[in-house]
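Remarks on the structure that follows.
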Amino acid sequence: MTPVRKNHRTLGYAAALAVVTAGLIAAPPQARAQAQVPKTVRILVPFPAGGPTDTAARVISEQIGKLHGISFVIENRVGGGSAIASEAAARATPDGGTLLVVAGALLINPILKKLNYDPLLSFEPICKLVRVPHFIVVNKDSPLKSFADFIAAARAKPGELTFATVGPATGPHIAFETLKRRASVDVRFVPYPGTTPSINAVLGGHVAVAMGDFRDVIGALQGGLLRGLATTAPARLEQLPDIPTVAELGYPGYEAESFFGLVAPAGTPKETMTQLTTWVSAALQDANVRSKLVNAGLFPTGVCGTEFATHLRQQHEHYVQAIREANIQAQ
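Residue numbers are given in numbering that gives the first Met the number 0: position 77 of the sequence shown equals residue 76, and the series is strictly consecutive.
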């Protein structure tokens with residue numbers, strides 16, 4: 000701050016400034032931190048309205064806005080497999096006024112092609128909002144009655160069994176390729192433009208097996224149209240307790256889930272980051288928020304700050320290795 004020159008015309012301003020400064024010093028730290036967050040915050044969502052990333056952003060921002068008087072504007076910036084929104088967020092003024100909802104694509108895209116952001120350096124992690132478990136499913140009439148049947152069939156007829164996920168070069172596709180290597184099987188990958196089309200392909204008998212998100216398979220599983228062979232989650236879900244994890248079926252340590260998180264542009268002031276992280280973390284603990292998210296097939300995590308930064312780094316390392324080993328190419 001430029002010093003105030005003490006002359007007869009500025010003594011009054013100096014005295015006023017001293018009063019204001021004293022007030023700020025006396026204010027509690029939380030009040031000073033809250034003042035750092037703009038009253039209007041834009042959240043960039045890289046995927047269409049109504050999808051899971053959009054839902055997570057709206058549920059969380061509604062809770063924070065209600066409690067803290069912040070106006071949130073959800074902007075669905077679709078395109079480039081999330082790269083357009085990610086690059087826009089990386090360029091945004093780092094004042095807390097622009098945030099970005101991120102998924103695995105934030106980490107995967109720069110591995111496959113040159114982009115104008117670094118997934119680990121261009122952003123300040125706030126919180127991992129939710130996790131989304133995957134389920135390996137077959138048609139109710141499939142001769143594959145269990146995960147063991149699936150592996151046995153794949154080994155008996157290499158390259159003949161078909162397996163569908165959203166893809167290519169997506170988190171579920173990478174999870175599938177990782178499973179193939181762990182199980183030493185040759186299964187033919189069939190990409191679809193979304194999880195719902197891949198599940199419909201299994202229901203229609205066009206592919207043998209699919210990997211889908213919880214929200215896309217729960218109805219058909221409970222309705223008896225699909226049979227769940229395994230979940231890629233680290234533990235069984237209470238909503239589907241009879242479906243075992245891949246890990247407990249002979250592949251310890253294997254797990255694969257989608258995630259959605261919230262980040263700010265790199266360089267956002269520490270006080271602003273602290274306040275945003277506090278608000279988001281508190282929102283994720285709210286019973287009503289958790290209920291809304293779970294009903295949408297999204298499981299709150301509350302992994303925030305440095306813990307979320309560690310998660311992003313570990314996921315990035317996993318994707319780099321998996322993409323190299325499976326020779327996955329940009330599309």
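Here a beta-carbon is modelled for each residue, glycine too, at the ideal position from N, C-alpha and C. What you are looking at is a predicted structure, and each value in this text was computed from that prediction instead of being measured.
Element boundaries [alpha helix (DSSP H), containing R130]: Not the alpha helix (DSSP H): R130 falls in the beta strand (DSSP E), residues 122-138.
If you follow the beta strand (DSSP E) that D212 is part of, which residue opens it and which one closes it? 208-212
Just mark V279 as buried or exposed, buried being the case when its beta carbon has 16 or more other beta carbons within 10 Å. buried
Pick out whichever of T271, M272, F298 has its Cα sitting closest to the Cα of Q284. F298
My assumption, with CB atoms under 8 Å, is that A209 sits in contact with V131. Please give the rounded CB distance. Contact doesn't hold; Cβ gap of about 15 Å is too wide.
Below 8 Å between beta carbons: does that hold for L261 and L128? yes
Excluding the 5 residues preceding and the 5 following A200 in the sequence, name in chain order all residues of the same chain whose CB lies nearer than 8 Å to its CB. A163, V189, Y191, V206, A209
Considering Cα atoms alone, identify which of T161, I42, L311, G68 is closest to D94. I42
To which residues does DSSP link I42 through a beta bridge? I73, L98
Contact set for A308: own chain, Cβ-Cβ below 7 Å, skip 5 residues either direction: P124
Please classify S183 as buried or exposed, where buried requires at least 16 neighbouring CB atoms within 10 angstroms. exposed
Is DSSP giving E256 helix, strand or coil here? strand
In this structure, what does DSSP give as the bridge partners for G227? V136
May I ask you to report which of helix, strand or coil DSSP gives P51? helix
Could you check if A255 is buried or exposed, using at least 16 other CB atoms within 10 Å of its CB as the buried criterion? buried
Under the rule that 16 or more other beta-carbon atoms within 10 Å means buried, what is S70, buried or exposed? exposed
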